[in-house]
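Number of protein chains: 2
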Amino acid sequence: MTSASTRAAGSVGVVETRYADLPAPVPLDCGRELPVRVAYETYGTLSPERDNVILVCHALSGDAHAAGQSAKPRESARDGFGAEDRDGTAGKGLGWWDGMIGPGKAFDTDRYFVVSTNLLGGCGGTTGPASIDPATGRPYGADFPVITVADMVRTERALLDVLGIGRLAAVAGGSLGGMQALQWAVTYPDQVDAVVVIASTHALHPQGLSWNAIARDAIMRDPDWQGGRYYGTGRRPDAGMGVARMVGHVTYLSAASMGDRFGRRLQSSADVRYTITDAEFQVESYLRHQAETFVRRFDANTYLYTSRALTYFDLARQHGDGSLAKALESVRARALLIAFSSDWLYPPQASREIHDALRALGKPSELHVIDAPYGHDCFLLEEARQTPIIRAFLGLDENDEEEAP
Amino acid sequence: MTSASTRAAGSVGVVETRYADLPAPVPLDCGRELPVRVAYETYGTLSPERDNVILVCHALSGDAHAAGQSAKPRESARDGFGAEDRDGTAGKGLGWWDGMIGPGKAFDTDRYFVVSTNLLGGCGGTTGPASIDPATGRPYGADFPVITVADMVRTERALLDVLGIGRLAAVAGGSLGGMQALQWAVTYPDQVDAVVVIASTHALHPQGLSWNAIARDAIMRDPDWQGGRYYGTGRRPDAGMGVARMVGHVTYLSAASMGDRFGRRLQSSADVRYTITDAEFQVESYLRHQAETFVRRFDANTYLYTSRALTYFDLARQHGDGSLAKALESVRARALLIAFSSDWLYPPQASREIHDALRALGKPSELHVIDAPYGHDCFLLEEARQTPIIRAFLGLDENDEEEAP
Chain B
1 MTSASTRAAG SVGVVETRYA DLPAPVPLDC GRELPVRVAY ETYGTLSPER
51 DNVILVCHAL SGDAHAAGQS AKPRESARDG FGAEDRDGTA GKGLGWWDGM
101 IGPGKAFDTD RYFVVSTNLL GGCGGTTGPA SIDPATGRPY GADFPVITVA
151 DMVRTERALL DVLGIGRLAA VAGGSLGGMQ ALQWAVTYPD QVDAVVVIAS
201 THALHPQGLS WNAIARDAIM RDPDWQGGRY YGTGRRPDAG MGVARMVGHV
251 TYLSAASMGD RFGRRLQSSA DVRYTITDAE FQVESYLRHQ AETFVRRFDA
301 NTYLYTSRAL TYFDLARQHG DGSLAKALES VRARALLIAF SSDWLYPPQA
351 SREIHDALRA LGKPSELHVI DAPYGHDCFL LEEARQTPII RAFLGLDEND
401 EEEAP
Chain R
1 MTSASTRAAG SVGVVETRYA DLPAPVPLDC GRELPVRVAY ETYGTLSPER
51 DNVILVCHAL SGDAHAAGQS AKPRESARDG FGAEDRDGTA GKGLGWWDGM
101 IGPGKAFDTD RYFVVSTNLL GGCGGTTGPA SIDPATGRPY GADFPVITVA
151 DMVRTERALL DVLGIGRLAA VAGGSLGGMQ ALQWAVTYPD QVDAVVVIAS
201 THALHPQGLS WNAIARDAIM RDPDWQGGRY YGTGRRPDAG MGVARMVGHV
251 TYLSAASMGD RFGRRLQSSA DVRYTITDAE FQVESYLRHQ AETFVRRFDA
301 NTYLYTSRAL TYFDLARQHG DGSLAKALES VRARALLIAF SSDWLYPPQA
351 SREIHDALRA LGKPSELHVI DAPYGHDCFL LEEARQTPII RAFLGLDEND
401 EEEAP
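Line by line, the protein sequences give chains B and R.
Take the first sequence: its position 326, counted from the start at 1, is 326 in the UniProt record's numbering, and no numbers get skipped.
Take the second sequence: its position 351, counted from the start at 1, is 351 in the UniProt record's numbering, and no numbers get skipped.
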């Protein structure tokens, strides 16, 4: 028997994103129906019993490429605080959760078959606002229907049907990905054995609503947004989306971690240079860099639609007539909730509320609040500390015998 | 004898903003000199000995109209969380700190002569980016020199010279106003008896730098900003400044107070309406309203220059070779520091650092951290709880005999 701690965690290797056209339009909460193509990747091997599937759901700015090296050169979707420079992975096209998915990792591909999709409305291959509307032959733009987390989950359900997968051993995700996991447990209680909900919430608090509203307004106030119909015009709302990204980025970090990393260090070694337009502090330059790299790889309308969906998400309102307990009554999945002490965008309190509600209903739930400094980004950064918790929850470390030499 | 608590606090009445052209250009930190007109108001009566003067300094979005009713109709600069609706003062043109300045109030005009100026670079009558550059006959715009808090204080010093005032009994202000008070104590140690520094800091932390950088970028990325030369073009960067204001506004509040006031209440009583562009949540509508009212009364370039000045402010760097203690060595004024528990933009820790440094130097300092929920805006809202602290610090309540009937 080899313990998880002595076995080197490996990579899923080079992977390619695949695409599936769903056989029927997806019915949406808004009342419309949408023909959908889904971009997805899989890691590991589907068991003959098809009982080892974990669906991984990404957050606002992610995509289907969650693990391994991309077959094609691409801009990384690794968004963690300093992800590019902390491990020299820039340019290698590693998936956004590569540290968590692979042989010997938290979502262990030696045992599990991991499916990762780009969410509905995305810009990573799944149908979204930039896709061609078959009714007009032009990109949807602002005619794309307003979508919800439940719509994303319906789409994921339909893709799994295409892949011949009925049951899920687990659904896992952080932030908006965690909302999808919760939605799975509520919408398909008989099809999910477990959910892993990280740095997430049952309903974003009003300050979080505000940051999202400001980010969306920054995009929509950019004249290059053109009412959402900017595709093919040669102009994109990069200026506004850059502001949106900077707002988002600061909310993903903690004040303390920004202090540790940047302090008030100036760009020039000497003194301030008395400039309004140029970056004077290193943190100012860092934020602009974040904005620049993000607008190159992300579609502004996807940002709008995805941000709207995550602000709408409200289990109590949508499924419990205002009561979270009532909304969770149908849940049959075991729940693992992980939150981070310094996460002020998705504070631990929301995870605690879910945990308490599940426990009060007599349902199995486990809550871990990890004391860590990096704010909301912890779910992308604190891989080492999440791994043993997730492996234990998934019963991984008791079953290593079969893989021992 | 009438105690402060039984005497009704009154108003300074109807006031008019006055203007003074400084006799000589103000020398600036950036090396340039600037001819300056200052807008100011005064409340109360200057004593024959000219020893009862309190200078009040405003924050980013304030102006010279700190107390009383404006003689002319105007948009209020009362920016406190819900200031407009909490006391029915909308449309009455009350000064931004009317609750704190007047007969029987914290800055008691029965005893003190209060001077309030619009800061250098402002848009409330003092020379700023929208003023005419005598060299060109056109508004400065982006040619306005980059200014510092020390430049603002030099300007205030020059105005007081014009008014024949040498010594100050106190300099008081919140936020950027508190920075000015600290700067007074450092630059003119022999001319200031006391400083009242509220919800302020000796140097803004990196997250605060970030919010300011994002707000400035939102303005500068608006094509209507036109490199700062938008005056007379018929186009102003209202869209970008609206975003800047919304960012600022959220940082002035606490997450808890936003939760209490707005929750996740929808604009429509029924359900969400599946819209990207319209406000769905009440807090979204509130933020847009804040943006709209602000852009009507405030100049975007003043926002840029003032924001830059407050991010530059760093007593340790500018006056202590990196040491706050060294920067404060020259201070002779008694210090009163007030901070608010929920203020995450100007957290109590910064006030504590100033207090500790002053005490370690053997200088008189008093620190009060008020437990209050409204975030940074507390300095505009928690008037009742600041008043006894300030009155006691200014020795007001021992001296009521002379005013008793």
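Where a beta carbon is used, it is the ideal one built from N, C-alpha and C, also for glycine.
In this text, all values refer to a predicted model and were calculated from it rather than measured experimentally.
Flag this pair as yes or no: are the beta carbons of residue i and residue j separated by less than 8 angstroms?
i	j	result
Val-149(B)	Tyr-40(B)	no
Leu-310(R)	Met-179(R)	yes
Gly-121(R)	Tyr-374(R)	no
Phe-209(B)	Arg-264(R)	For clarity, residue 209(B) is Leu in the given sequence; the question names Phe instead. In this structure, Arg-264(R) lies closer than 8 angstroms to Leu-209(B) by Cβ.
Ala-199(R)	Ile-338(R)	yes
Thr-187(B)	Val-153(B)	yes
Phe-262(R)	Gln-282(R)	yes
Ala-181(R)	Ala-172(R)	yes
Arg-119(R)	Cys-57(R)	The amino acid at residue 119(R) is misidentified as Arg; the sequence shows Leu. Cβ atoms of Leu-119(R) and Cys-57(R): closer than 8 angstroms.
Thr-155(B)	Val-36(B)	yes
Phe-113(R)	Gly-68(R)	no
Ala-325(R)	Ala-360(R)	yes
Gly-125(B)	Thr-17(B)	yes
Met-241(B)	Ala-300(B)	yes
Glu-383(B)	Gly-99(B)	yes
residue 410(R)	Ala-327(R)	Nothing in the structure corresponds to residue 410(R), since chain R is present only between 1 and 405.
Ala-239(R)	Asp-222(R)	yes
Met-258(B)	Pro-206(R)	yes
Whose C-alpha, out of the options, is nearest the C-alpha of residue i?
i	options	result
Ser-11(B)	Val-56(B), Val-195(B), Asp-108(B), Leu-34(B)	Asp-108(B)
Glu-49(B)	Pro-35(B), Met-152(B), Ile-165(B)	Ile-165(B)
Ser-342(R)	Arg-334(R), Cys-378(R), His-368(R)	Cys-378(R)
Tyr-231(B)	Ala-213(B), Asp-143(B), Asp-278(B), Ile-198(B)	Asp-143(B)
Glu-284(B)	Arg-216(R), Ala-325(R), Pro-189(R)	Arg-216(R)
Thr-275(R)	Asn-52(B), Pro-139(B), Pro-145(B)	Pro-145(B)
Ala-203(B)	Tyr-346(B), Ile-390(B), Leu-266(B), Arg-334(B)	Tyr-346(B)
Tyr-303(R)	Gly-128(R), Ala-185(R), Gly-234(R), Trp-184(R)	Gly-128(R)
Ala-71(R)	Gly-93(R), Ile-54(R), Thr-277(R), Trp-211(R)	Gly-93(R)
Thr-42(R)	Thr-387(R), Ser-131(R), Val-295(R), Ile-101(R)	Ile-101(R)
Ser-61(R)	Glu-16(R), Gly-13(R), Asp-190(R), Ala-244(R)	Ala-244(R)
Ala-130(B)	Phe-313(B), Ile-390(B), Phe-298(B), Leu-328(B)	Phe-298(B)
Leu-396(R)	Met-246(R), Gly-322(R), Gln-191(R), Ala-106(R)	Ala-106(R)
Asp-271(R)	Leu-336(B), Glu-382(B), Asp-314(B), Arg-157(B)	Asp-314(B)
Phe-393(B)	Gln-267(B), Val-197(B), Ala-24(B)	Val-197(B)
Leu-176(B)	Pro-237(B), Asp-63(B), Tyr-19(B)	Asp-63(B)
Where do the N-terminal and C-terminal ends of the alpha helix (DSSP H) with residue i fall, by residue?
i	result
Thr-117(B)	Element bounds for Thr-117(B): not the alpha helix (DSSP H) but the beta strand (DSSP E), 113–117.
Arg-32(B)	Here Arg-32(B) belongs to no alpha helix (DSSP H), and DSSP marks it neither H nor E.
Arg-157(B)	149–162
Ala-384(B)	383–393
Under three-state DSSP, which class holds residue i?
i	result
Ile-101(B)	strand
Met-246(B)	helix
Ser-365(B)	strand
Arg-235(B)	coil
Arg-265(R)	coil
Asp-400(R)	Residue confidence for Asp-400(R) is low, a pLDDT of 49 falling below 50, so the modelled location carries little weight; the figure read from the coordinates is stated next. Note: Asp-400(R) maps to helix in three-state DSSP.
Ser-175(R)	coil
Pro-134(B)	coil
Gly-82(B)	Since pLDDT at Gly-82(B) reaches only 45, below the 50 mark, its modelled position is unreliable, and the value read off the structure follows with that caveat. Gly-82(B): coil per DSSP, three-state reduction.
Arg-216(B)	helix
Glu-16(R)	coil
Tyr-230(R)	coil
Phe-379(R)	helix
Asp-224(B)	helix
Ser-47(R)	coil
Ser-257(R)	helix
Asp-60(R)	The sequence shown places Leu at residue 60(R), not Asp. The answer is coil: DSSP assigns Leu-60(R) none of H, G, I, E or B.
Ala-9(B)	coil
At which residues does the beta strand (DSSP E) containing residue i begin and terminate?
i	result
Ala-291(B)	Element bounds for Ala-291(B): not the beta strand (DSSP E) but the alpha helix (DSSP H), 282–297.
Ile-198(R)	194–198
Cys-123(B)	Taken as a continuous stretch (DSSP letters only), Cys-123(B) belongs to no beta strand (DSSP E), as it is neither H nor E.
Val-53(R)	53–57
Every unbroken beta strand (DSSP E) within the segment 306–358 of chain B, with a cutoff of 3 residues, ordered by chain: Counting only runs of at least 3 residues, the segment 306–358 of chain B fully encloses the following beta strand (DSSP E) elements, listed from N- to C-terminal order: 334–340.
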